[in-house]
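Read the structure below first, then the notes.
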Amino acid sequence: MELTAHEAWVKIRASAQGVLPEQTYRTWLASTTALSLSDDTLVVSAPTKFAVEWVEDKYGTLLRDIAERELGARLRLRFEHQGGEERIEFPQITEPFPGEPGHVLAPDSAARGVRPAVALLNERYTFDRFVIGRSNELAAAASDRVAAAPATTYNPLFIWGGTGLGKTHLMHAIGNTILERRPDRQIAYVPSEQFTNEMIDAIKTGQTALFRERYRRIDILLVDDVHFIANKEGTQEEFFHTFNALYDAKKQIVITSDRAPQEIPGLQERLVSRFEWGLVTDIQPPDLETRSAILRKKADEDAIEIEDDVIEYVARNRRTSVRQLEGALIKLLAFSSLSRREISLKMAQDALGPEVVHPEDEPLEVSPEEVRARTASSWGVSVEALMSKRRNRTITVPRRVAMYLIKTNLDLPYSDIGHLFGGRNHSTVIYSVNKVEAEMASDPGLRTRIGQLQQELFRS
Ligand code: ADP
Ligand code: MG
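Using this note's numbering, read the sequence shown as starting at 96 and increasing by one per residue.
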């Protein structure tokens with residue numbers, strides 16, 4: 096039976112509606128539409144770029160699983176944003192610049208592009224919901240201090256660590272706490288890529304003065320994933336001045352990154368030293384006990400009934416990040432709902448695959464960064480080259496292989512993998528992974544080489 100794109104998507108979406116909270120479904124999936132279905136790819140459109148990223152990131156795995164079960168075939172799902180004018184991508188939580196006397200206001204449309212988009216702070220990302228363990232206790236304590244007394248103890252607060260370990264969560268928790276106590280505070284949550292884009296727009300439209308003015312009126316600046324401004328000289332210059340202005344005005348700055356300041360390649364020395372003025376702290380992957388505690392808390396919060404043996408099974412088998420743990424829970428839920436089976440140990444084994452035995456349960460050695468580094472060195476190129484825009488084959492082959500290894504072994508969302516490679520978008524990553532698969536099929540040499548690397552990294 097041939098389904099049209101629309102019919103296929105309606106089917107998948109209806110299934111997703113059964114497993115996702117109603118609010119989630121309405122916010123993110125109700126407004127999506129199918130664009131096309133060709134060969135094995137279903138292209139779905141979401142209303143904004145942000146929605147595309149979000150759906151891909153949070154529900155991509157779930158939707159792909161559902162697609163596979165509902166339609167039988169290994170269907171590729173791709174999310175796209177369809178043209179059209181896009182206003183601020185992030186819903187606003189406070190009016191960015193209330194019309195108090197003395198505030199520079201430019202509510203006209205020309206100014207829209209240069210207004211810092213005050214992002215919606217995810218209200219689920221609170222301190223209450225953050226499970227503290229050895230791996231994150233310093234970062235959590237420092238964040239708590241900053242939220243309690245901004246710009247007094249640690250300024251800036253710099254939190255670094257691998258993907259999916261809770262950096263963004265802590266940052267939002269700081270924002271949520273301050274906002275609750277002081278709703279009048281201007282809080283800006285800005286992924287550093289967004290800072291870059293806004294600045295570029297401001298330059299294009301000749302509104303740099305306004306851009307500056309606006310960033311300097313913020314009380315709490317939360318800059319997420321600052322490593323994306325590496326090698327972007329103009330952005331670093333601008334950020335340096337914004338930083339100084341806010342710091343001098345005793346405003347709180349919180350920064351996250353995938354590594355410590357001095358380890359970020361292509362970051363100007365003066366920024367490195369400023370980032371080290373306050374407190375630099377890291378988050379490591381959670382140990383077994385913390386992973387179990389996180390799973391238990393998430394299950395309880397969502398009123399999911401799940402026995403301890405299942406929790407332990409998942410905790411033992413999902414070791415890289417908290418995001419992976421969450422993905423496993425969602426998968427269990429979907430599996431339970433679709434197969435109409437209670438969540439049990441047997442069912443978890445069916446859904447998540449056979450147990451991987453880690454006798455000592457040492458912290459997991461393989462991070463996506465490590466896969467990237469090992470692949471680079473195996474091909475004799477630098478990590479920076481993999482993260483750069485360079486397109487010659489000496490670089491593109493190892494870059495794609497690294498993406499492929501990360502996707503197939505660590506199952507990170509495509510957009511996160513893109514971030515690890517200089518901010519490439521998720522469709523580029525999907526393309527790269529597919530390309531490696533195709534090349535492996537026709538090139539035994541490449542297949543062996545990747546197999547060896549796979550064995551070294553993951554012993555599998
Ligand atoms: P990062 O920004 O480091 O990539 P996130 O903050 O986005 O990671 O965290 C990924 C997911 O894991 C989020 O849904 C977050 O709520 C959850 N999470 C991370 N750490 C914890 C924790 N210690 N307790 C509870 N949830 C956590
Ligand atoms: Mg993050």
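Positions of the beta carbon are idealized from the N, C-alpha and C atoms, including for glycine.
Suppose you measure from the CA of residue i to the CA of residue j; what does that come to, to the nearest Å?
{"i": "V496", "j": "F516", "result": "12 Å"}
{"i": "D377", "j": "A242", "result": "18 Å"}
{"i": "T122", "j": "V367", "result": "39 Å"}
{"i": "H322", "j": "N412", "result": "30 Å"}
{"i": "R558", "j": "K392", "result": "The requested residue 558 is not part of the displayed model; the chain covers only 96 to 555."}
{"i": "I525", "j": "Y509", "result": "7 Å"}
{"i": "E275", "j": "V478", "result": "42 Å"}
{"i": "A268", "j": "Y284", "result": "11 Å"}
{"i": "D404", "j": "D395", "result": "15 Å"}
{"i": "N292", "j": "E218", "result": "25 Å"}
{"i": "R240", "j": "A429", "result": "38 Å"}
{"i": "R386", "j": "G270", "result": "25 Å"}
{"i": "I501", "j": "Y220", "result": "26 Å"}
{"i": "M535", "j": "N529", "result": "10 Å"}
{"i": "S439", "j": "P142", "result": "38 Å"}
{"i": "P566", "j": "D353", "result": "Only positions 96 to 555 of the chain appear in this structure, which leaves residue 566 out of reach."}
{"i": "D279", "j": "K346", "result": "14 Å"}
{"i": "K262", "j": "D319", "result": "8 Å"}
{"i": "W255", "j": "T127", "result": "34 Å"}
{"i": "F306", "j": "L548", "result": "46 Å"}
{"i": "N339", "j": "V375", "result": "18 Å"}
{"i": "A446", "j": "E532", "result": "24 Å"}
{"i": "D397", "j": "L424", "result": "11 Å"}
{"i": "I573", "j": "K153", "result": "Beyond the ends of the chain as shown, which are 96 and 555, falls residue 573; an answer cannot be given."}
{"i": "R224", "j": "R488", "result": "45 Å"}
{"i": "L70", "j": "Q281", "result": "In the structure as shown, the chain starts at 96 and stops at 555, and residue 70 therefore has no counterpart that could be examined."}
Which of the three DSSP states, helix, strand or coil, is assigned to residue i?
{"i": "P286", "result": "strand"}
{"i": "I348", "result": "strand"}
{"i": "T128", "result": "strand"}
{"i": "F553", "result": "helix"}
{"i": "R469", "result": "helix"}
{"i": "L481", "result": "helix"}
{"i": "T385", "result": "helix"}
{"i": "E421", "result": "helix"}
{"i": "N504", "result": "helix"}
{"i": "Q112", "result": "helix"}
{"i": "K299", "result": "helix"}
{"i": "V226", "result": "coil"}
{"i": "F335", "result": "helix"}
{"i": "P356", "result": "helix"}
{"i": "L341", "result": "helix"}
{"i": "H198", "result": "Legend: pLDDT at H198 = 25, less than 50; position of this residue unreliable, value from coordinates given subsequently. DSSP places H198 in coil when its eight states are reduced to three."}
{"i": "N412", "result": "helix"}
{"i": "T258", "result": "coil"}
{"i": "W104", "result": "helix"}
{"i": "P245", "result": "coil"}
{"i": "Y220", "result": "coil"}
{"i": "N292", "result": "helix"}
{"i": "F516", "result": "coil"}
{"i": "R436", "result": "coil"}
{"i": "W123", "result": "helix"}
{"i": "S510", "result": "helix"}
{"i": "T489", "result": "helix"}
From the DSSP output, read off the bridge partner residues of residue i.
{"i": "R173", "result": "V138"}
{"i": "F253", "result": "I350 and V375"}
{"i": "I525", "result": "Answer is none; I525 lacks a bridge partner."}
{"i": "V318", "result": "V285 and I350"}
{"i": "S133", "result": "T136"}
Can you tell me the Cβ-Cβ gap for residue i and residue j, rounded? I've got them flagged as a contact below 8 Å.
{"i": "F222", "j": "G373", "result": "Contact doesn't hold; Cβ gap of about 19 Å is too wide."}
{"i": "I348", "j": "L341", "result": "6 Å"}
{"i": "D314", "j": "G422", "result": "The pair is not a contact, with the Cβ atoms about 35 Å apart (cut-off 8 Å)."}
{"i": "S140", "j": "L124", "result": "About 12 Å; that fails the 8 Å criterion."}
{"i": "G257", "j": "V417", "result": "Not confirmed; about 10 Å, so no contact."}
{"i": "P132", "j": "A168", "result": "First, the amino acid is wrong: residue 132 is Leu here, not Pro. In fact, because the Cβ distance is near 11 Å, the residues do not count as touching under 8 Å."}
{"i": "T136", "j": "R171", "result": "4 Å"}
{"i": "V226", "j": "I401", "result": "Going by Cβ atoms, the distance from V226 to I401 rounds to 16 Å, so no, they are not a contact pair."}
{"i": "M498", "j": "S527", "result": "5 Å"}
{"i": "D382", "j": "G513", "result": "29 Å between Cβ atoms; not a contact."}
{"i": "V476", "j": "P493", "result": "6 Å"}
{"i": "E138", "j": "E165", "result": "Before going on, a small fix: residue 138 reads as Val here, not Glu. The Cβ separation is near 17 Å, so there is no contact."}
{"i": "T156", "j": "K426", "result": "7 Å"}
{"i": "F334", "j": "F290", "result": "7 Å"}
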